[in-house]
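Participant: Each protein sequence line maps, in turn, to chains D and E.
Per my numbering, the very first residue in the first sequence carries number 9; after that it's consecutive.
Per my numbering, the very first residue in the second sequence carries number 41; after that it's consecutive.
Note that beta-carbon positions come from the ideal geometry of N, C-alpha and C, so glycine has one too.
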Amino acid sequence: MTEQVGYFEADIPLKIYGLSEKSVTITFGTAIDNDLLSLITDFNQLLLQNPFSGLITTVPAYTTLTVFFDPLSVMLSDLPGEACFEKVSAHLNKIAQTKREKSRVVADKRVIPVCYGSDFGQDLLTVARTNNLTETEVIDIHTAGQYIVFMIGFVPGFAYMGGMDIRLSTPRKEVPNAKIPAGSVGIAGNQTGIYPLETPGGWQIVGKTPLKMFDVNRSQPSLLKGGDLVTFKAIGINEFNTYAEI
Amino acid sequence: MSMKISIIKPGLLSTIQDIGRYRYLSQAVPVSGVMDELAHRLANKAVGNDDHHATIEFTYADASFKAETPILVSYSGDGACMVYNNELMPAEKPLFFPAGSVIKLISNTIGTRTYLAIAGGWDVPDIMESKSTYLTAAFGGFKGRALQKADVLTSGTVINEVSKWILEQLIDRSLTYPNWRISRESLLPEQRQAIRVVLANEISWFDATSIISFLTNSYTIDRRSNRMGYHLSGKPLVRKVKKELLSTAVAPGIIQVTGSGDLVILMADCQTTGGYPRIAHVAAVDLPLCAQLKPGDTIHFSEISRDEAEELYLERERDLSLITMAISLKYIKT
Chain D
9 MTEQVGYFEA DIPLKIYGLS EKSVTITFGT AIDNDLLSLI TDFNQLLLQN
59 PFSGLITTVP AYTTLTVFFD PLSVMLSDLP GEACFEKVSA HLNKIAQTKR
109 EKSRVVADKR VIPVCYGSDF GQDLLTVART NNLTETEVID IHTAGQYIVF
159 MIGFVPGFAY MGGMDIRLST PRKEVPNAKI PAGSVGIAGN QTGIYPLETP
209 GGWQIVGKTP LKMFDVNRSQ PSLLKGGDLV TFKAIGINEF NTYAEI
Chain E
41 MSMKISIIKP GLLSTIQDIG RYRYLSQAVP VSGVMDELAH RLANKAVGND
91 DHHATIEFTY ADASFKAETP ILVSYSGDGA CMVYNNELMP AEKPLFFPAG
141 SVIKLISNTI GTRTYLAIAG GWDVPDIMES KSTYLTAAFG GFKGRALQKA
191 DVLTSGTVIN EVSKWILEQL IDRSLTYPNW RISRESLLPE QRQAIRVVLA
241 NEISWFDATS IISFLTNSYT IDRRSNRMGY HLSGKPLVRK VKKELLSTAV
291 APGIIQVTGS GDLVILMADC QTTGGYPRIA HVAAVDLPLC AQLKPGDTIH
341 FSEISRDEAE ELYLERERDL SLITMAISLK YIKT
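(1) Alpha carbons only, please: which of E:Leu228, E:Asp90, E:Ala320 is nearest the one belonging to aspartate 118 of chain E?
(2) Checking contacts by CB at 9 Å: is lysine 187 of chain D closer than that to chain E?
(3) Aspartate 347 of chain E touches chain D at which residues, Cβ-Cβ below 9 Å?
(4) Using the Cα positions of leucine 45 of chain D and isoleucine 103 of chain D, report the straight-line distance between them to the nearest angstrom.
(5) Using a beta-carbon distance below 9 Å, is glutamine 12 of chain D in contact with chain E?
(6) For glutamine 57 of chain E versus alanine 308 of chain E, is the C-beta distance shorter than 9 Å?
(7) Could you tell me if methionine 41 of chain E is buried or exposed, where buried requires 16 or more neighbouring beta carbons within 10 angstroms of its beta carbon?
(8) Is there at least one Cβ from chain E nearer than 9 Å to isoleucine 40 of chain D's Cβ?
(9) Confirm, please, whether the CB-CB distance from isoleucine 213 of chain D to glycine 129 of chain D is below 9 Å.
(10) Taking alanine 349 of chain E as the reference, which of E:Val142, E:Asp166, E:Pro292, E:Arg236 has the closest Cα?
(11) Residue range of the alpha helix (DSSP H) that lysine 95 of chain D falls in?
(12) Note down, in chain order, all residues in the region 20 to 33 of chain D with a beta-carbon under 9 Å from any beta-carbon belonging to chain E.
(13) How would you list, in chain order, the residues of chain E whose beta-carbon sits under 8 Å from the beta-carbon of valine 76 of chain D?
(14) Using a Cβ-Cβ cutoff of 7 Å, what residues of the region 65 to 92 of chain E are near chain D? List them in chain order.
(15) Using a C-beta to C-beta distance shorter than 7 Å, which residues of chain E count as neighbours of proline 218 of chain D?
(16) According to DSSP, is aspartate 262 of chain E part of a helix, a strand, or is it coil?
(17) Less than 9 Å between the beta carbons of methionine 43 of chain E and serine 195 of chain E, yes or no?
(18) Mind checking whether lysine 171 of chain E and alanine 94 of chain E have CB atoms under 9 Å apart?
(19) Taking all protein chains shown into account, do 16 or more other C-beta atoms lie within 10 angstroms of the C-beta of tryptophan 220 of chain E, making it buried, or fewer, making it exposed?
(20) The alpha helix (DSSP H) that contains lysine 281 of chain D, what's its start and end?
(21) Would you tell me roughly how many angstroms separate the C-alpha atoms of alanine 320 of chain E and asparagine 198 of chain D, rounded to the nearest one?
(22) Let's see if you can read the secondary structure: which residues bound the beta strand (DSSP E) around asparagine 42 of chain D?
(23) Cα separation between serine 1 of chain D and valine 290 of chain E?
(24) Rank E:Gly269, E:Ser104, E:Glu132 by C-alpha distance to the C-alpha of proline 335 of chain E and give the top, closest one.
(25) Give me whichever residues DSSP pairs with serine 192 of chain D in a beta bridge.
(26) Buried or exposed, going by whether 16 or more other CB atoms sit within 10 Å of the CB of arginine 137 of chain D?
(27) Assuming valine 32 of chain D and phenylalanine 60 of chain D make a contact with CB atoms under 8 Å, what is their CB distance in whole Å?
(28) Relative to chain E, which residues along the region 60 to 86 of chain D have a C-beta separation below 7 Å, given in chain order?
(29) Roughly how many angstroms separate the alpha carbons of asparagine 249 of chain D and aspartate 166 of chain E, rounded to a whole number?
(30) Measure from the alpha carbon of alanine 186 of chain D to the alpha carbon of each residue in D:Asn225, D:Tyr155, D:Gly210, then state which is nearest.
(31) Pull up the distance between the alpha-carbon of glutamine 57 of chain D and that of threonine 65 of chain D, whole angstroms please.
(32) Tell me whether asparagine 185 of chain D sits in a helix, a strand or coil according to DSSP, three-state version.
(33) Within this structure, are the beta carbons of isoleucine 47 of chain E and histidine 80 of chain E separated by less than 9 Å?
(34) Measuring alpha carbon to alpha carbon, tell me which residue in D:Met221, D:Ile202, D:Pro208 is nearest glycine 215 of chain D.
(35) Note the first and the last residue of the continuous alpha helix (DSSP H) segment covering lysine 334 of chain E.
(36) Would you tell me roughly how many angstroms separate the C-alpha atoms of threonine 239 of chain D and valine 163 of chain D, rounded to the nearest one?
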């Protein structure tokens, strides 16, 4: 069942700028917004289902979608225009004129088990004290929320998520940790996120998930993708160890 | 049958790279791949390989390897010269070495990176459709790491027809090479310090004086420079628009301006997204020049249009396909 909610602003050309000889970026808006995310997700899916000759890949971000292509294939295509920029833009504008139907992309829901506190979340107390909460309250608030993945960036598999309760807002550390273990769940400002790899970082670490957020052996190495809906579930150390053995 | 070498001395940083990992950018997997795509492709072409075949990227000199079997290889780049039995080996030319040969990389003050191609390409597993090494996440290339002493590398068993013909002509008990070579110089501008750039989307965020300063002043490659990017030292730029740029896709060659007004040229291992405003991107044809820069080198930027950059790119690709054609014509059997 589909409900028509409008078009990709059929009469207004997309705002497109050249990023390099091999890429262009479409700007869909100016601020982080859930509706904009679904527009970009829909447009991205429509483009990937209706590619132009030479399309290599796309990268969705907060307000943009970047399209990477092979200039030689684009030049050989019969798209209108003299240069790659015009040819690719012509195709993207054609996509934009496609009728948009609601629920084109259904968000995947992901539950991330997290073992909070102790050695896995050494900054849980800092987050609690900063916000005049108990550690249990921090866990309750963190697991009660539903988070939306806006984009994957920074390091392979890192999800920029929105939707954290501002009662958990905590500034990042002044001195970043040299090593944060993979799977660590952190808070920085109004954001929450999961470190997919062991990297240096300045986020306040509240817990750890046994899930592999990034695994090169999966067909989709990044567990999360733009548009996903995420919830956290508190687990104990025994359950954590059971997961970790899988 | 595959060819084999062993690493005697790995040098500063030696990794297996190909032309990059493009299909997983949306999962924040960097492009990686060779820094100097031109040198990589020429080394491959000289042994009859395809451009996508993996090569070894050496950083500077002070490395050496031994042919464990007879090998058909070629090298290109400005990081080092290859020497065998005290004889300087010609670059961009197929070189046949008998088993047991020891080849050394000796200092070349011109640049930074040198590529070693072998007929059939270096055989390492494909990770996310590429053989490139990404050290930060320890995947790709040879066991996800830089090459070490005693590593044994083998070539792919399937080799191109042209490679077979080159090998057939050169195979011998001692070092052999043909009299032809690819002219890399003819593909590179004489002025290697002049880097052509196309102004970027956030250009209007900078004040006019800063834009002029960007296009007229010299910049020096800072010590904080690696495969991810180069920090430049020079006059900081001033922004007139102070708003925040929401993280958006970036690519190698893009020049970001940090909060303190300093320039960073993004290189092969750069993150897939960034939140710094961008003043320009390096023309694709000049990115190989950047790949050879080392700390202390001085460059300046000159502006070209988006269309000019594209025309230069297409022209370079035409030149490169002519080289491939010329090499196969030398060996074609009718």
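Facilitator: Here's the rundown:
(1) The residue you call residue 118 of chain E lines up with position 78 of the second sequence. With distances taken between Cα atoms, aspartate 118 of chain E lies closest to E:Leu228.
(2) Here residue 187 of chain D refers to the residue found at position 179 of the first sequence. No, because no Cβ of chain E sits closer than 9 Å to the Cβ of lysine 187 of chain D.
(3) Within the second sequence, the letter at position 307 stands for residue 347 of chain E. Going along chain D in sequence order, the residues near aspartate 347 of chain E (Cβ under 9 Å) are Glu90, Ala91, Phe93.
(4) Translated into the one-based positions of the first sequence, residue 45 of chain D becomes position 37. Translated into the one-based positions of the first sequence, residue 103 of chain D becomes position 95. One C-alpha to the other measures close to 17 Å.
(5) Taking the first sequence and counting its residues from 1, one reaches residue 12 of chain D at position 4. Unreliable positioning characterises glutamine 12 of chain D in this predicted model, as indicated by a pLDDT of 38, which lies under 50. A coordinate reading is not provided.
(6) Here residue 57 of chain E corresponds to residue number 17 of the second sequence, with the count starting at 1. Here residue 308 of chain E corresponds to residue number 268 of the second sequence, with the count starting at 1. Yes.
(7) Within the second sequence, residue 41 of chain E is the residue found at index 1, counting from 1. Here methionine 41 of chain E is exposed, its C-beta having fewer than 16 other C-beta atoms within 10 Å.
(8) Here residue 40 of chain D corresponds to residue number 32 of the first sequence, with the count starting at 1. Chain E, which has a Cβ nearer than 9 Å to the Cβ of isoleucine 40 of chain D, makes this yes.
(9) Along the first sequence, read from residue 1 onward, the residue named residue 129 of chain D stands at position 121. Along the first sequence, read from residue 1 onward, the residue named residue 213 of chain D stands at position 205. Against a cut-off of 9 Å, the Cβ pair of isoleucine 213 of chain D and glycine 129 of chain D comes out as a contact.
(10) One-based indexing of the second sequence puts residue 349 of chain E at position 309. Closest by C-alpha distance to alanine 349 of chain E, out of E:Val142, E:Asp166, E:Pro292, E:Arg236, is E:Arg236.
(11) The residue given as residue 95 of chain D occupies position 87 in the first sequence. Start and end: 92 to 104.
(12) Using a CB distance below 9 Å, the part of the region 20 to 33 of chain D facing chain E consists of Tyr25, Gly26, Leu27, Ser28, Glu29, Lys30, Ser31, Thr33, ordered along the chain.
(13) For the purposes of this step, residue 76 of chain D is taken as residue 68 along the first sequence, with counting starting at 1. A small fix is needed here, since residue 76 of chain D is phenylalanine in this sequence, not valine. Within chain E, the residues near phenylalanine 76 of chain D are Tyr62, Leu65, Ala291.
(14) For the region 65 to 92 of chain E, residues whose beta-carbon sits nearer than 7 Å to a beta-carbon of chain D comprise Leu65, Ser66, Gln67, Ala68, Val69.
(15) Here residue 218 of chain D is taken as the residue at index 210 of the first sequence, counted from 1. The contacting residues do not exist; proline 218 of chain D stays about 19 Å from chain E at best.
(16) Walking along the second sequence from the start, residue 262 of chain E turns up at place 222. Strand at aspartate 262 of chain E.
(17) In the second sequence, counting from the first residue as 1, residue 43 of chain E sits at position 3. In the second sequence, counting from the first residue as 1, residue 195 of chain E sits at position 155. Against a cut-off of 9 Å, the Cβ pair of serine 195 of chain E and methionine 43 of chain E comes out as a contact.
(18) Position 131 of the second sequence, counting from 1, holds the residue named residue 171 of chain E. Position 54 of the second sequence, counting from 1, holds the residue named residue 94 of chain E. Going by beta carbons, lysine 171 of chain E and alanine 94 of chain E fall inside the 9 Å limit.
(19) Residue numbering aside, residue 220 of chain E sits at position 180 when the second sequence is read from its first letter. Taking a 10 Å sphere around the C-beta of tryptophan 220 of chain E, we find fewer than 16 other C-beta atoms and assign the residue as exposed.
(20) Since the displayed chain D opens at 9 and closes at 254, residue 281 of chain D lies outside it and no answer follows.
(21) In the second sequence, residue 320 of chain E corresponds to position 280, counting from 1. In the first sequence, residue 198 of chain D corresponds to position 190, counting from 1. Between alanine 320 of chain E and asparagine 198 of chain D, the C-alpha separation is close to 31 Å.
(22) Locating residue 42 of chain D in the first sequence gives position 34, counting from the first residue. Going by DSSP, asparagine 42 of chain D is part of no beta strand (DSSP E) but of the alpha helix (DSSP H) stretching over 42 to 57.
(23) There is no way to answer for residue 1 of chain D, as the model of chain D reaches only from 9 to 254.
(24) The count along the second sequence starts at 1 and reaches residue 335 of chain E at position 295. The residue with the shortest Cα to Cα distance from proline 335 of chain E is E:Gly269.
(25) Locating residue 192 of chain D in the first sequence gives position 184, counting from the first residue. Beta-bridge pairing links serine 192 of chain D to D:Lys216.
(26) What you label residue 137 of chain D is simply residue 129 of the first sequence in a count that begins at 1. By the neighbour-count rule (16 or more Cβ atoms within 10 Å), arginine 137 of chain D is not buried but exposed.
(27) If you number the first sequence from 1, residue 32 of chain D lands on position 24. If you number the first sequence from 1, residue 60 of chain D lands on position 52. Not quite, the Cβ-Cβ distance comes to about 11 Å (not below 8 Å), so this is no contact.
(28) From the region 60 to 86 of chain D, only Ile64, Thr65, Thr66, Val67, Pro68, Ala69, Tyr70, Thr71, Thr72, Thr74, Phe76, Pro79, Leu80, Met83 have a Cβ closer than 7 Å to chain E.
(29) Taking the first residue of the first sequence as 1, we reach residue 249 of chain D at position 241. Taking the first residue of the second sequence as 1, we reach residue 166 of chain E at position 126. The alpha-carbon atoms of asparagine 249 of chain D and aspartate 166 of chain E are separated by roughly 31 Å.
(30) On the first sequence, residue 186 of chain D is found 178 positions in, with the first residue counted as 1. Out of D:Asn225, D:Tyr155, D:Gly210, D:Gly210 has the C-alpha closest to the C-alpha of alanine 186 of chain D.
(31) Locating residue 57 of chain D in the first sequence gives position 49, where the first residue counts as 1. Locating residue 65 of chain D in the first sequence gives position 57, where the first residue counts as 1. Rounded to whole angstroms, glutamine 57 of chain D to threonine 65 of chain D spans 12 Å at the Cα level.
(32) Translated into positions along the first sequence, residue 185 of chain D becomes position 177. Judged by DSSP in its simplified three-state form, asparagine 185 of chain D adopts strand.
(33) For this step, residue 47 of chain E is matched to residue 7 along the second sequence. For this step, residue 80 of chain E is matched to residue 40 along the second sequence. Histidine 80 of chain E sits away from isoleucine 47 of chain E, with the two beta carbons spaced by 9 Å or more.
(34) Position 207 of the first sequence, counted from the first residue, corresponds to residue 215 of chain D. Of the listed residues, the one whose Cα sits closest to glycine 215 of chain D is D:Ile202.
(35) Residue numbering aside, residue 334 of chain E sits at position 294 when the second sequence is read from its first letter. Careful: lysine 334 of chain E lies outside any alpha helix (DSSP H) and carries neither H nor E.
(36) Position 231 of the first sequence holds residue 239 of chain D. Position 155 of the first sequence holds residue 163 of chain D. Cα to Cα, the separation comes out at about 21 Å.
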